[in-house]
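Input: a single structure, listed below in structure tokens.
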Ligand code: SR1
Ligand code: MG
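Numbering (my numbering), first residue to last: 74 to 512.
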């Protein structure tokens with residue numbers, strides 16, 4: 074299990090490390106940090122007063138928590154390989170550069186919703202940032218049925234602002250192209266997504282795993298489902314070719330640190346300029362996976378019914394608020410080269426543009442549902458699973474939850490246009506949960 078609540082096994086090949094790079098240890102880090110005035114100011118005292126704990130059991134990186142007399146820091150350092158798999162699966166250190174750039178842009182557009190960067194060292198692929206306390210990874214809180222009343226507002230604001238302000242609706246064509254260029258080198262991280270989300274769950278692949286033997290048949294059925302493979306291929310084409318806005322790129326509930334009052338979005342190392350629905354779909358997918366997992370955690374039948382309803386209400390609020398905020402930004406801040414105001418200056422033009430805005434959001438909703446489905450399927454049939462489901466001890470019971478999620482995801486991906494509203498999605502979740510699919 075990883076720090077962000079995902080679980081992984083397996084790997085690939087080749088490795089190169091730039092001069093000057095070396096991974097830190099809890100022992101080596103204080104002497105390095107002591108040379109950075111902003112860090113010393115944050116931690117207080119002397120390096121001999123600081124405690125360092127390596128807490129990163131995530132898929133990719135080292136993460137240290139450093140505490141001093143006056144404050145704390147989280148220090149994230151990229152390793153030149155996928156941490157959980159080892160050196161057999163190399164991964165470029167440049168992901169820290171993309172994460173740093175993304176955090177900077179997100180902080181500008183969505184202030185207060187990402188951790189503040191205190192120090193960045195490109196050579197060491199290391200970022201020192203706010204130690205978020207008493208926040209916990211949202212995925213873990215949801216397994217413990219903690220409600221987060223501020224979450225929908227925060228994540229919808231984060232998505233509306235980061236996606237709108239980095240799109241052609243807000244940016245000039247030249248600035249937008251420069252941004253695409255700036256993130257275009259994050260190919261290795263995109264390739265992980267292209268393989269693990271859009272390809273491998275739909276064919277035989279060494280990395281794939283699922284709850285055996287209960288899901289053997291449905292895994293085979295998905296590998297043999299041409300309609301599903303066409304649908305996932307269309308989504309993959311959109312992921313690779315639609316440079317709509319700067320995405321977080323891995324916006325699951327393990328990338329959110331929360332308290333009931335506060336939400337911070339972390340870990341944008343998968344950032345690149347892609348289709349907006351990929352981020353929105355990731356949020357909804359992870360909420361739906363949690364919804365379907367709750368049956369597997371119940372001690373007595375129905376003891377999590379109220380929490381399940383909270384999760385569905387959160388899904389509805391996330392989309393409704395996102396749509397409302399995005400449209401509001403478009404009406405008030407359309408400074409980009411898309412939909413030039415000069416084309417819609419007449420009263421009828423203004424009305425037509427408003428109709429078009431609604432149509433744009435409808436298309437974005439359809440994209441969101443497709444990507445949502447893809448994200449659900451990859452967490453059940455692909456390499457990296459999540460603890461919402463993995464922590465259900467009885468494999469048969471877990472498989473039952475997973476099967477219901479898979480059935481719903483397949484329907485969402487192949488019959489996307491049947492879902493015209495977010496309440497149609499939550500209603501379908503209730504229906505699929507009620508089905509007596511026994512693996
Ligand atoms: C090998 S990396 C597996 C997954 O971890 C990250 O959080 C992304 O979701 C990626 O797909
Ligand atoms: Mg991550």
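Where is the CB? At the ideal position from N, CA and C, for every residue including glycine. These numbers come from a predicted model, not from an experiment.
Using the three-state DSSP reduction, which class does residue 150 fall into: helix, strand or coil?
It is a strand residue.
Residue 269: beta carbon under 6 Å from a heavy atom of the ligand SR1?
Under cutoff, so the answer is yes.
Check whether the Cβ of residue 198 lies closer than 6 Å to any heavy atom of the ligand SR1, and answer yes or no.
Because no heavy atom of the ligand SR1 lies under 6 Å away, the Cβ of residue 198 does not count as near it: no.
For residue 485, which of helix, strand or coil comes out of DSSP?
In the structure shown, residue 485 sits in a helix (DSSP, three-state: H, G or I).
So, with DSSP's three-state summary, where would you put residue 453?
Three-state DSSP puts residue 453 in a helix.
If you draw a straight line from the alpha carbon of residue 458 to that of residue 451, how long is it in whole angstroms?
Distance from the CA of residue 458 to the CA of residue 451, rounded to the nearest whole angstrom, comes to 8 Å.
Alpha-carbon spacing of residue 166 relative to residue 348, whole angstroms
Separation of residue 166 and residue 348 (C-alpha to C-alpha, rounded to the nearest whole angstrom) is 25 Å.
Quick one: Cα of residue 453 to Cα of residue 221, how far?
When rounded, the distance between both Cα atoms is 25 Å.
Out of curiosity, what's the CA-to-CA distance linking residue 508 and residue 477?
Cα-Cα distance, rounded: 7 Å.
Can you have a look at residue 418 and say buried or exposed, based on whether 16 or more other CB atoms are within 10 angstroms of its CB?
An exposed status is given to residue 418, since fewer than 16 other beta-carbon atoms sit within 10 Å of its beta-carbon.
Enumerated in chain order, which unbroken segments of the alpha helix (DSSP H) with a length of 4 residues or greater are wholly contained in the stretch 209-288?
Listed in chain order, they are 211-216, 224-238, 246-256, 260-269.
Going by the CB atoms, is the gap between residue 487 and residue 304 shorter than 7 Å?
It is a contact, given that the beta carbons lie within the stated cut-off.
Opening and closing residue of the beta strand (DSSP E) in which residue 163 lies
In the DSSP assignment, residue 163 falls within the beta strand (DSSP E) that extends over 159-163.
Kindly examine the ligand MG and report whether one of its heavy atoms sits closer than 6 Å to the Cβ of residue 323.
At least one heavy atom of the ligand MG sits closer than 6 Å to the Cβ of residue 323.
Identify, in the order they occur along the chain, each residue of the same chain with its Cβ nearer than 8 Å to the Cβ of residue 129, setting aside the five sequence neighbours on each side.
Contacts found: 76, 135, 136, 137, 149, 156.
Please state whether DSSP places residue 499 in a helix, a strand or coil.
Correct three-state label for residue 499: helix.
Nearest-angstrom Cα separation, counted from residue 158 out to residue 471:
Whole-angstrom Cα-Cα distance: 25 Å.
Beta-carbon contacts of residue 203 that lie in its chain and below 6 Å, excluding the five residues immediately before and after:
Hits under 6 Å: 188, 189.
Given a cut-off of 7 Å on the beta-carbon distance, is the pair residue 449 and residue 396 in contact?
Cβ atoms of residue 449 and residue 396: not closer than 7 Å.
Just the C-alpha distance for residue 91 and residue 196, rounded to the nearest angstrom, thanks.
In this structure, the straight-line span from the alpha carbon of residue 91 to that of residue 196 is close to 8 Å.
By how many angstroms is the C-alpha of residue 164 removed from the C-alpha of residue 82?
Because residue 82 sits at a pLDDT of 41, beneath the cut-off of 50, its placement in the model cannot be relied upon, and the following sentence gives the value as read from the coordinates. Taking the straight line from one Cα to the other gives about 16 Å.
Cβ-Cβ separation, residue 147 to residue 198 (assumed contact under 8 Å), whole Å
Not a contact, Cβ separation roughly 15 Å.
Under the rule that 16 or more other beta-carbon atoms within 10 Å means buried, what is residue 264, buried or exposed?
Classification for residue 264: exposed.
Which residue wins for smallest C-alpha separation from residue 232, given the options 142, 355, 499, 460?
Per the Cα distances, 355.
Report the rounded CA-to-CA distance for residue 104 versus residue 326, giving the unit in angstroms.
Distance between the alpha carbons of residue 104 and residue 326: 34 Å.
What do you reckon, is the C-beta of residue 457 under 6 Å from a heavy atom of the ligand SR1?
Within the cutoff, so yes.
Which one or two residues does DSSP pair with residue 405 in a beta bridge?
Bridge partners of residue 405: none, in fact.
Reducing DSSP to helix, strand and coil, say where residue 399 ends up.
In this structure, residue 399 counts as helix in the three-state DSSP scheme.
Rounded to whole angstroms, what is the Cα-Cα separation between residue 300 and residue 464?
Going by the C-alpha atoms only, they are around 32 Å apart.
Just reading off the beta strand (DSSP E) that residue 134 is part of, what are its end residues?
For residue 134, the enclosing beta strand (DSSP E) begins and ends at 134-140.
One question on the structure: do residue 28 and residue 330 come within less than 7 Å of each other, judged by their Cβ atoms?
The first residue shown for the chain is 74 and the last is 512, placing residue 28 beyond what the model contains.
Could you tell me the boundaries of the beta strand (DSSP E) in which residue 372 lies?
Where residue 372 is concerned, there is no enclosing beta strand (DSSP E), given that its DSSP letter is neither H nor E.
Tell me which residue opens and which closes the beta strand (DSSP E) that residue 192 is part of.
Taken as a continuous stretch (DSSP letters only), the beta strand (DSSP E) holding residue 192 covers 190-194.
For the ligand SR1, any of its heavy atoms closer than 6 Å to the Cβ of residue 155?
At least one heavy atom of the ligand SR1 sits closer than 6 Å to the Cβ of residue 155.
Bounding residues of the alpha helix (DSSP H) (the contiguous stretch that carries residue 305)
Where residue 305 is concerned, the enclosing alpha helix (DSSP H) stretches over 299-314.
Is any heavy atom in the ligand MG found nearer than 6 Å to the beta carbon of residue 340?
Residue 340: yes, Cβ under 6 Å from the ligand MG.
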